[in-house]
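Trainee: Got a structure for you, written out below as structure tokens; questions coming shortly.
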Amino acid sequence: MSQKILIVEDDPAIVVSLEFLMGQHGYDVRVAQNGEDGENLAREFRPDLILLDVNLPLKSGFEICQQLRSEPDFDRTYILLLTAKGREVDIEKGTALGADAYVTKPFSTRELIPQVQRLLTEPRSPS
Amino acid sequence: MKRQQRILLLWFGSVLLLIAFAAVPFLYLQAQLTPEQHRLIFEWLGDSRYLLAVPVVGLLALVIFGSRWLLEQLWSPLGQLSESLQTALENPSGPPIHVTGAPALVTLGTLLNRQVERTAHLQAQVEAQIAEAKETLEREKNVLAALVEELREGVVVCNKEGLVLLYNRAARRLLSEEATTPLGLGRSIKEVMQTPLLDYTLSELQDRQSSGSANLTQPFSFWQGARMLRVQTLGILDPNRELSGFVFVCEDLSPRPESHPFSVFEQQQKEKRRTSIANVRASVEMILDYPDIPPEKQRVFLEAIHSNAVQLSELLEVTPSQSAEQLRQHCPLEPVPAQEWLSGFLRGHKGAPELVPHTEGSLADCGLRVNAYLFNRMLEFFFGQLQRVLEVATLRYDLQQQGRFVLLDFNWQGKELPANALRQLLEERVESSDGTPLTISEILQRHDAEVWFQGGADSSEHGLRFFLPAEFQLAPRDQAHLSLESRPVFYDFDLFNKTSLPPELKDVPLRELRYTVFDTETTGLNPSAGDEIISIGAYRIVNGKLLENETFQQLIDPQRAISDASIAVHGITPEQVAGQPLITEVLPRFQRFTEGSVLVAHNAAFDLRFLELKERASKVRFTQPVLDTLLLSAVAQPKQNLHSLDEIAQRFGIRVEDRHSAMGDAWVTAQVFLRLVPLLEEKGIQTLEQAQNAAKETYYAKLKY
Chain C
1 MSQKILIVED
11 DPAIVVSLEF
21 LMGQHGYDVR
31 VAQNGEDGEN
41 LAREFRPDLI
51 LLDVNLPLKS
61 GFEICQQLRS
71 EPDFDRTYIL
81 LLTAKGREVD
91 IEKGTALGAD
101 AYVTKPFSTR
111 ELIPQVQRLL
121 TEPRSPS
Chain Z
1001 MKRQQRILLL
1011 WFGSVLLLIA
1021 FAAVPFLYLQ
1031 AQLTPEQHRL
1041 IFEWLGDSRY
1051 LLAVPVVGLL
1061 ALVIFGSRWL
1071 LEQLWSPLGQ
1081 LSESLQTALE
1091 NPSGPPIHVT
1101 GAPALVTLGT
1111 LLNRQVERTA
1121 HLQAQVEAQI
1131 AEAKETLERE
1141 KNVLAALVEE
1151 LREGVVVCNK
1161 EGLVLLYNRA
1171 ARRLLSEEAT
1181 TPLGLGRSIK
1191 EVMQTPLLDY
1201 TLSELQDRQS
1211 SGSANLTQPF
1221 SFWQGARMLR
1231 VQTLGILDPN
1241 RELSGFVFVC
1251 EDLSPRPESH
1261 PFSVFEQQQK
1271 EKRRTSIANV
1281 RASVEMILDY
1291 PDIPPEKQRV
1301 FLEAIHSNAV
1311 QLSELLEVTP
1321 SQSAEQLRQH
1331 CPLEPVPAQE
1341 WLSGFLRGHK
1351 GAPELVPHTE
1361 GSLADCGLRV
1371 NAYLFNRMLE
1381 FFFGQLQRVL
1391 EVATLRYDLQ
1401 QQGRFVLLDF
1411 NWQGKELPAN
1421 ALRQLLEERV
1431 ESSDGTPLTI
1441 SEILQRHDAE
1451 VWFQGGADSS
1461 EHGLRFFLPA
1471 EFQLAPRDQA
1481 HLSLESRPVF
1491 YDFDLFNKTS
1501 LPPELKDVPL
1511 RELRYTVFDT
1521 ETTGLNPSAG
1531 DEIISIGAYR
1541 IVNGKLLENE
1551 TFQQLIDPQR
1561 AISDASIAVH
1571 GITPEQVAGQ
1581 PLITEVLPRF
1591 QRFTEGSVLV
1601 AHNAAFDLRF
1611 LELKERASKV
1621 RFTQPVLDTL
1631 LLSAVAQPKQ
1641 NLHSLDEIAQ
1651 RFGIRVEDRH
1661 SAMGDAWVTA
1671 QVFLRLVPLL
1681 EEKGIQTLEQ
1691 AQNAAKETYY
1701 AKLKY
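Right, here's the structure in full:
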């Protein structure tokens, strides 16, 4: 069974690339375009990894991250924050709220794929 | 003439006189009597003729012991008494006159002491009245100084010759850190601001003043080391509308380090650019890396590239929105030490919830950049919500530094806040000091800060964490600087009318010269045998005042052992000097410190010998005139036998602390020197040349190191 990736991102321009890219590498991909849909879809889909944008309509990526981390069901789910906020303070905040990695836009898809693959080789150990 | 010589001379004279007296009757008899009578008298006297010598010897002894008594009991004490009286009249509240010798002299001393005491009492009364009048003036002056000193801009006031009369802490930081010569009272501003723009600006202002122009301000900018300084120059006019000086207001224009909050607008723009570039890049990489994708899919990527390229082009034209500008205006930030801010906040917090300190670790000692009014109101808003929604009664606060950030935590026991509560709170508004409502989110953005709730569902401890950039650019503050009474001397308006000293100093009155009073500590007493300097301490005297703030203090690695005897004196150990700069690095710096001043030291020959031996290695030569307090003391008080620093200090009633450290000794030497100047003046020694000549003639000048 292929591993599952959930993309929560509201900008269609990057969603098409990410969805295509993850599909090309054999992952089972779902997409949500706002925060609330993203959280609901996460509970239903049970992804192995979430590519989570920070600036989302309805609910921010930080909030979703903090919420999911408080639920034991998501102990084994990797959360990778994608954001255009390049400030150190945001990275600190993301890490404090339980994100496993923090990717700042613009990034290279050529580096993102190995990063995702590396994370998914081992099951996540809950902190 | 020394005492021994005087005694010898007196004895010698007395003996000659006695011999003369004894010889007169003898020679007379010799001439009057016949040889026969001579013989008869000799026979008659027989052996008892030798008894004739007794009265002569007795008289001789009387004269010798009498003259010695006179010298010791009257002559010497009288001389010392007159000197002591002179010192006492200079400083009537000093130690009493001590007289030994004849009882009449001792009585005289007691009477004089009583008179000096009376003088001291009268003088104290007059001084108290003067002090009272001065105090009012001083208070006003201090208010001005405090005002200037607290300014974030550097302020320097010069007379029209460019001599510094006043400067503030910020000026010292901005101008001295990168300059080869430190900023100091009585120094020339041109030594510190080394730019041709300064001369240009000053002559421009002079021209304008002489042509009657009303505009006497002129800005210029220059690089001072790594700092870009903008200097606003103002001409000062005297009551006759003549240019009497200049004020320089300096501002640091260097770019701020990254930890400073940039504008909210810039941050938003940056995020938009990052997003668009990310989209373009991802799409391009898809097309490049997956050439086999079907054309309709490829078209989707191309469209994404196009739309983001359009977005990027539009971003170039965007100007700051009104709201971003407003935010900047309504929420100005100020640097403040983190702990100072915290204690201010705690003082201002009234009522519930109760704030108690979290005991672990120490508080952050860096600074913050905050709008305290808004930030504190925002915190109170959060507290109000916690109290209302969760019934929180006690919050434990903590303020920690973590790398380039400050963490401000408020923790409580009990219920957790719902996950979506924070988002709602961020949209709530509080009013700024000018009444503009700003959202919590805007306030946080302006501070470049973040906030989040911490803690999990399984723990009963929850927290609210604020994350702010730390500020490291705060000017250091010391407590002394906050009290008006102990305000350091950073100004001297009496210098206003002084001009630069002419290159030929010899005719300048002693009172008007600038001095560097210094002392060295060494590995031993023998410079010629390889002993080295290990410490230099120096103070400046300008306009007759000791400048306690403008000092030079440096330990030096001698690269050799320090003798135990020396360690016993100054207490400086090899461990303390290891790794300190070498003498060849220190001397050029010390020379710049002494520039334009006369050197003063106690037993200067000793210190100078050390400096002289280092001339070649350090390429530094101290060519300015030198005065020696040991010699000057011998000039001013020739009848005193002892001129060690301790003895002189005791005579003048100077408190001696930290003796045998370079700084401590330099301080005592400076105090001694300040008291010697009026004594020298009374002896008619008014100028540098006169002082040097007088010193040369004293006995001690013959000592050579």
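Protein chains in written order, with this note's numbering: chain C, 1 to 127; chain Z, 1001 to 1705. The C-beta atom is built at its ideal place from N, Cα and C for all residues, glycine as well.
#1: Just to confirm my understanding: we take S1254(Z), look at its own chain, exclude 5 residues before and 5 after, and list those with CB closer than 6 Å. What are they?
#2: Roughly how many whole angstroms lie between the Cα atoms of V1569(Z) and R1592(Z)?
#3: Out of curiosity, what's the CA-to-CA distance linking L1202(Z) and Q1218(Z)?
#4: Please list the partners that D1448(Z) has in chain C, where partner means a Cβ-to-Cβ separation under 8 Å.
#5: Roughly how many whole angstroms lie between the Cα atoms of L1386(Z) and L18(C)?
#6: Taking 7 Å as the cut-off, is the CB of E1177(Z) close to at least one heavy atom of the ligand NAP?
#7: Assign K93(C) to one of three DSSP states: helix, strand, or coil.
#8: Between which residues of its own chain and L1444(Z) is the CB-CB distance below 7 Å, once the five residues before and five after are set aside?
#9: Taking only three categories from DSSP, how would you classify Q1224(Z)?
#10: Identify the contact partners of S1283(Z) in chain C, using a Cβ-Cβ distance below 8 Å as the criterion.
#11: Identify the residues that DSSP records as bridge partners of Q1640(Z): which are they?
#12: For D1730(Z), count neighbouring C-beta atoms within 10 Å of its own C-beta (all shown protein chains included) and say buried if the count is 16 or more, exposed if not.
#13: Run the CB neighbour count on Q1559(Z), radius 10 Å, all protein chains shown included, and call it buried at 16 or more, exposed below.
#14: Quick check on this structure: which residue in V1626(Z), S1597(Z), V1598(Z) has the alpha carbon closest to the alpha carbon of R1609(Z)?
#15: Does K1270(Z) come within less than 8 Å of chain C when only Cβ atoms are used?
#16: Look up Q1580(Z) in the DSSP assignment and say whether it is helix, strand or coil.
#17: Determine which residues share a DSSP beta bridge with G987(Z) and list them.
#18: Taking Cβ to Cβ, would you say G1109(Z) is nearer than 8 Å to K1639(Z)?
#19: Relative to the C-alpha of K59(C), which residue among D10(C), R124(C), I113(C), E111(C) is closest?
#20: DSSP three-state label for H1260(Z), please.
#21: Can the beta-carbon of T1594(Z) be found closer than 8 Å to that of Q1624(Z)?
#22: Kindly say whether R43(C), judged by its beta-carbon, lies nearer than 8 Å to any beta-carbon of chain Z.
#23: Closest to N1333(Z) by C-alpha separation, out of G1348(Z), T1522(Z), R1511(Z), A1372(Z), would be which residue?
#24: Alpha carbon to alpha carbon, how far is S1661(Z) from S1597(Z)?
#25: Considering just the uninterrupted stretch of the alpha helix (DSSP H) at K1160(Z), what are its terminal residues?
#26: For I1534(Z), which residues of its own chain have a beta-carbon under 7 Å away from its beta-carbon, when the five flanking residues on both sides are left out?
#27: Using a cut-off of 8 Å between C-beta atoms, extract the partners of E63(C) located in chain Z.
#28: Quick check on V1300(Z) - is its C-beta less than 8 Å from some C-beta in chain C?
#29: Grouping DSSP H, G and I as helix and E and B as strand, with all else coil, what is G23(C)?
#30: If I'm right that I50(C) touches L80(C) with Cβ under 8 Å, what's the distance once you round it to whole angstroms?
#31: Any residues in the region 71-84 of chain C with a beta carbon nearer than 7 Å to a beta carbon of chain Z? Which ones, in chain order?
#32: Can you give me the start and stop residues for the beta strand (DSSP E) that N1549(Z) sits inside?
#33: Determine contact between the region 1635-1650 of chain Z and the region 1078-1097 of chain Z, defined as no fewer than three beta-carbon pairs at a distance below 8 Å.
#34: Based on Cα-Cα distance, which residue from D37(C), D73(C), I7(C), S2(C) lies nearest to H25(C)?
#35: Could you give the residue range of the alpha helix (DSSP H) that holds D37(C)?
#36: Hey, which unbroken runs of the beta strand (DSSP E) at 3 residues or more fall wholly within the region 1323-1377 of chain Z?
Mentor: On the basis of the supplied data:
#1: R1227, M1228
#2: 29 Å
#3: 9 Å
#4: R87, V89
#5: 41 Å
#6: Absence of the ligand NAP is noted for the structure shown, with no ligands found whatsoever.
#7: helix
#8: E1450, V1451
#9: strand
#10: A13, V16, S17
#11: For Q1640(Z), which the question treats as bridged, DSSP gives no partner whatsoever.
#12: No information on residue 1730(Z) is available, as it lies outside the stretch 1001 to 1705 that chain Z covers here.
#13: exposed
#14: V1626(Z)
#15: yes
#16: coil
#17: Any question about residue 987(Z) goes unanswered here, given that chain Z covers just 1001 to 1705.
#18: no
#19: D10(C)
#20: Because the pLDDT at H1260(Z) is just 42, under 50, the model does not fix this residue reliably, and the value given afterwards should be weighed accordingly. Looking at H1260(Z) - three-state DSSP - the assignment turns out to be coil, as it is neither helix nor strand.
#21: yes
#22: no
#23: One detail in the question is off: residue 1333(Z) reads as Leu in this sequence, not Asn. Checking every option, the nearest Cα to that of L1333(Z) belongs to A1372(Z).
#24: 22 Å
#25: Segment: none, K1160(Z) is in no alpha helix (DSSP H) and carries neither H nor E.
#26: E1521, T1522, T1523, L1555, I1556, P1558, I1562, I1572, V1577
#27: A1419, N1420, L1422, R1423
#28: yes
#29: helix
#30: 7 Å
#31: A84
#32: 1545-1555
#33: yes
#34: S2(C)
#35: 35-45
#36: 1334-1337, 1354-1357, 1367-1370
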